[in-house]
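All residue numbers for the sequence shown refer to the working numbering, where the first residue is 6 and numbers rise by one. Quick reminder that beta carbons are idealized off the backbone N, C-alpha and C, glycines included. Okay, structure first, notes after.
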Amino acid sequence: MMIVATLGSLINLYVLWRIRSLRSRPSSQWRTQPATPSQLRSERFQVALAIITLLLVAAEGIAHAIFHRAA
């Protein structure tokens, strides 16, 4: 499950980065409508959730290493 969560978060971050980079291209400025405040808020929320997921996966990995260390 941690692998799925990590891959999902990384894919989500890549897709959001790609959307922003495509939206900011000079060649696409004439045909795209600017993102609405609702869309921007949604993108920021998705980025925050993806980062939080990655942090929680890292914290669980560290905690697992600490608590289940072979003695």
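Distance, Cα to Cα, residue i vs residue j?
i     : j     : result
Pro31 : Ala70 : 48 Å
Arg74 : Trp35 : 58 Å
Ala64 : Thr37 : 40 Å
Gln51 : Ser29 : 19 Å
Ala10 : Val20 : 15 Å
Met7  : Ser26 : 28 Å
Ile67 : Arg49 : 27 Å
Ala40 : Arg23 : 14 Å
Using 10 angstroms around the beta-carbon of residue i, count the other beta-carbons present and answer buried if the total reaches 16, otherwise exposed.
i     : result
Ser47 : exposed
DSSP three-state call for residue i: helix, strand or coil?
i     : result
Pro31 : helix
His1  : This structure gives no information on residue 1, because the portion of the chain shown stretches from 6 to 76.
Pro39 : coil
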